[in-house]
Amino acid sequence: MRILCTNDDGINAPGLKVIEQIARALSDDVWIVAPELDQSGVSHSLSLNDPLRLREVSPRHFAVRGTPTDCVIMGARHILGDKLPDLVLSGVNKGRNVAEDVVYSGTIAGALEGTILGFPSFALSQEFSIETRNAPLWDTGLKFGPDIIRKVIGAGVPRNTVINVNFPSCMPDDVKGIR
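For the sequence shown, the positions run 143 to 321 when this note's numbering is used.
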């Protein structure tokens, strides 16, 4: 399975490293195409008036001077060539994406663009709290992310559906269940 990963927090964000680990638990064919800079809150915008600049950071890791939407288009249509992704993962966002947050979220937009292009797509976000000193507990997403994705894909992702997953701000052993 070929997986395209993006985010809105930028190519050096800790959450991008987490989503790459989640993706690698699912496949060896993982590609990272993420914004050069933090693009939080850009929603589903495109870079229409500025040229997109692409930089290969390392093998299969690319930074785009653009939005998460630009990154998914660039990855799926240009970088991956003739072999399109089977799955798009966006995140792991630092902070949850619920209620009105989804309207503004670049993380949600990355997954939404994947869906528009015809690929099953997930947006993954990690809640954080004052108790954790505003530092996300990434282990929760690392532990549960791969299985959640496997189960949803196994059940069948309806066409034109974005899957939005929010991990709670707690240690993995404190999770009481998944629904």
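Every residue, glycine too, gets a C-beta built ideally from N, C-alpha and C.
Checklist entry - Counting pairs of Cβ atoms below 8 angstroms between the region 179-191 and the region 288-299, do you hit three or more? => result no
Next on the checklist: Suppose you measure from the CA of asparagine 306 to the CA of proline 193; what does that come to, to the nearest Å?
Outcome noted: 30 angstroms
Next on the checklist: Any contact between the region 227-236 and the region 245-265? By contact I mean 3 or more CB pairs, one from each, below 8 angstroms.
Outcome noted: yes
Checklist entry - Excluding the five sequence neighbours on either side, which residues of its own chain have a C-beta within less than 7 angstroms of the C-beta of lysine 285, listed in chain order? => result Pro314
Item to check | Alpha-carbon spacing of proline 262 relative to cysteine 147, whole angstroms | outcome: 12 angstroms
Checklist entry - Does DSSP classify glycine 157 as helix, strand or coil? => result helix
Item to check | beta strand (DSSP E) segments (min. 3 residues) lying fully within the region 242-321 | outcome: 263-268 and 304-309
Next on the checklist: Excluding the 5 residues flanking alanine 167 on each side, which residues of the same chain have their C-beta closer than 7 angstroms to its C-beta?
Outcome noted: Pro288
Checklist entry - For the beta strand (DSSP E) that threonine 148 lies in, which residues bound it at each end? => result 144-148
Item to check | When Ser185, Ile164, Arg207 and Gln163 are compared against valine 175, the one with the closest alpha-carbon | outcome: Arg207
Next on the checklist: Can you give me the C-alpha to C-alpha distance between alanine 241 and arginine 197, rounded to a whole angstrom?
Outcome noted: 34 angstroms
Item to check | Exposed unless 16 or more other CB atoms sit within 10 angstroms - verdict on leucine 179 | outcome: exposed
Next on the checklist: Applying the 10 Å Cβ sphere with the 16-neighbour rule, what's the burial state of glycine 298?
Outcome noted: exposed
Checklist entry - Candidates Leu266, Arg238, Thr209 and Gln268: which alpha carbon is nearest arginine 195's? => result Thr209
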